[in-house]
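In the order they appear, the protein sequences are chains A and B.
Residue 1 is where the first sequence starts when you use the numbering used here, and the numbers rise one by one after that.
Residue 111 is where the second sequence starts when you use the numbering used here, and the numbers rise one by one after that.
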Amino acid sequence: KNEVEQSPQNLTAQEGEFITINCSYSVGISALHWLQQHPGGGIVSLFMLSSGKKKHGRLIATINIQEKHSSLHITASHPRDSAVYICAVPSGAGSYQLTFGKGTKLSVIP
Amino acid sequence: DAGVTQSPTHLIKTRGQQVTLRCSPKSGHDTVSWYQQALGQGPQFIFQYYEEEERQRGNFPDRFSGHQFPNYSSELNVNALLLGDSALYLCASSHVIDRGYEQYFGPGTRLTVT
Numbered sequence: 001k002n003e004v005e006q007s008p009q010n011l012t013a014q015e016g017e018f019i020t021i022n023c024s025y026s027v028g029i030s031a032l033h034w035l036q037q038h039p040g041g042g043i044v045s046l047f048m049l050s051s052g053k054k055k056h057g058r059l060i061a062t063i064n065i066q067e068k069h070s071s072l073h074i075t076a077s078h079p080r081d082s083a084v085y086i087c088a089v090p091s092g093a094g095s096y097q098l099t100f101g102k103g104t105k106l107s108v109i110p
Numbered sequence: 111d112a113g114v115t116q117s118p119t120h121l122i123k124t125r126g127q128q129v130t131l132r133c134s135p136k137s138g139h140d141t142v143s144w145y146q147q148a149l150g151q152g153p154q155f156i157f158q159y160y161e162e163e164e165r166q167r168g169n170f171p172d173r174f175s176g177h178q179f180p181n182y183s184s185e186l187n188v189n190a191l192l193l194g195d196s197a198l199y200l201c202a203s204s205h206v207i208d209r210g211y212e213q214y215f216g217p218g219t220r221l222t223v224t
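Rendered as structure tokens:
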């Protein structure tokens, strides 16, 4: 079964700072998901990526399949970015089940 | 496109009762997955439905059952509710694209068992 590790667990940043959240997994995968969850809220899919890099607004996600590692970057962070960011990967080769990281709680202070 | 919708938003039940949660997938999606997220924890996979059949199941007891209809919508049923079943229940819909599959999550149903 795939093991997912995220770092850091908690992150406090000043508004405008560049933020990086990391995710490592143990079993080779076809695609990785980055998700966002606001307190008490549902989950929003940010990215699904299988190689390289994707960008959406101020969010950038990268993945290195060989190193089994992905990063989520937020440029010019804003208080509305405060949320839990979760990395998720298939539980195993060919599995339809997602295994989730424990999440990174981000707080952006004005 | 309304995206993934779930109903109800919130629900309060008593121990021993039964509950049914509903999910309508995003337009064009044929696969529905259900997850349970206890407070302060990450989501746990319950099961996935495709072509009206349970395709894969996580480590949940038989009290948790589901169904998928011909229009791809889905229901999650939980029998003999326990206090520990209190959680946010998330539905995610997907379809296979290229490598991997992009899952879209609904807003969730918050179930409280008293």
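Every residue, glycine too, gets a C-beta built ideally from N, C-alpha and C.
Spatially closest choice to residue i from the options, by CA coordinates
i, options, result
"A/P8", "A/Y25, A/I109 and A/T104", "A/T104"
"B/H205", "B/N189, B/L192 and B/Y182", "B/Y182"
"A/M48", "A/A61, A/G41, A/P39 and A/G40", "A/A61"
"A/Q14", "A/G57, A/L59, A/Q36 and A/S77", "A/S77"
"B/F174", "B/G216, B/Y199, B/Q213 and B/F215", "B/Y199"
"A/R80", "A/G42, A/E3, A/S107 and A/G41", "A/S107"
"B/Q57", "B/E164, B/F170 and B/Q127", "Here chain B comprises residues numbered 111 to 224, so residue 57 of chain B is not present and cannot be evaluated."
"A/K102", "A/K54, A/L59, A/I74 and A/N22", "A/N22"
"A/I19", "A/V4, A/Q6 and A/L59", "A/L59"
"B/Q128", "B/G168, B/R165, B/G176 and B/E164", "B/G176"
"A/G52", "A/Q6, A/E67 and A/E17", "A/E67"
"B/Q166", "B/T141, B/I122, B/Q151 and B/K123", "B/T141"
"B/R224", "B/S117, B/G113, B/I122 and B/P118", "According to the sequence as given, residue 224 of chain B is Thr; it is not Arg. Residue B/I122 is the option with its Cα nearest to B/T224."
"B/E212", "A/S50, A/K55 and A/I65", "A/S50"
8 angstroms contact criterion, which residue i and residue j should meet: CB distance rounded
i, j, result
"A/I29", "A/P90", "5 angstroms"
"A/A88", "A/H38", "Contact flag wrong, Cβ pair sits at about 17 angstroms."
"A/G92", "A/N2", "6 angstroms"
"B/P180", "B/E162", "7 angstroms"
"B/G126", "B/A190", "6 angstroms"
CB contact flag (residue i, residue j, <7 angstroms)
i, j, result
"B/H139", "B/S203", "yes"
"B/S134", "B/T115", "yes"
"B/F155", "B/Y145", "yes"
"A/H69", "A/S26", "no"
"B/F219", "B/S196", "Before going on, a small fix: residue 219 of chain B reads as Thr here, not Phe. No, the pair does not count as a contact, with Cβ atoms beyond the cut-off."
"B/Y159", "B/S137", "no"
"B/P153", "A/F100", "yes"
"A/I86", "A/L11", "no"
"A/I63", "A/L98", "no"
"A/S95", "B/Y214", "no"
"B/L192", "B/L131", "no"
Closer than 8 angstroms at the beta carbon, the chain D residues around residue i
i, result
"B/L191", "Although the question refers to chain D, the structure presented lacks it and instead comprises the protein chains A and B."
Where residue i falls: helix, strand or coil (DSSP)
i, result
"A/L98", "strand"
"B/G152", "coil"
"A/G52", "strand"
"B/D208", "Reliability fails at B/D208, whose pLDDT of 49 lies under 50, so the model's placement of it is uncertain and the value that follows must be treated cautiously. If DSSP states are grouped into helix, strand and coil, B/D208 belongs with coil."
"B/R125", "coil"
"A/P90", "strand"
"A/R80", "helix"
"B/L192", "coil"
"A/K1", "coil"
"B/N169", "coil"
"A/R58", "coil"
"B/N181", "coil"
"A/A31", "coil"
"B/E163", "strand"
"B/Q158", "strand"
"A/K105", "strand"
"B/A202", "strand"
"B/G176", "strand"
Using a Cβ cut-off of 9 angstroms, which residues of the region 20-42 of chain A contact any Cβ in chain B, in chain order? Listed in chain order, the positions of the region 20-42 of chain A with a beta carbon within less than 9 angstroms of a beta carbon of chain B are I29, S30, A31, L32, H33, L35, Q37, G40, G41 and G42.
Short of 9 angstroms Cβ to Cβ, which residues in the region 88-100 of chain A face chain B? Listed by position along the chain: A88, P90, S91, S95, Y96, Q97, L98, T99 and F100.
Name the residues in the region 112-123 of chain B whose C-beta lies less than 7 angstroms from a C-beta of chain A; which are they? If the cut-off is 7 angstroms between Cβ atoms, the region 112-123 of chain B has nothing near chain A.
Return the residues of the region 39-67 of chain A that lie within a Cβ-Cβ distance of less than 8 angstroms from chain B, sorted by chain order. Per Cβ criterion, the list reads G41, G42, I43, V44, S45, M48 and S50.
Which residues, in chain order, does the region 161-192 of chain B contribute to contact with chain A at a C-beta distance below 8 angstroms? Against chain A - using a Cβ distance shorter than 8 angstroms - the residues of the region 161-192 of chain B are R165, Q166 and G168.
Closer than 9 angstroms between beta carbons: that is the criterion. Which residues of the region 135-156 of chain B meet it against chain A? Answer in chain order: T141, S143, Y145, Q147, Q151, G152, P153, Q154 and F155.
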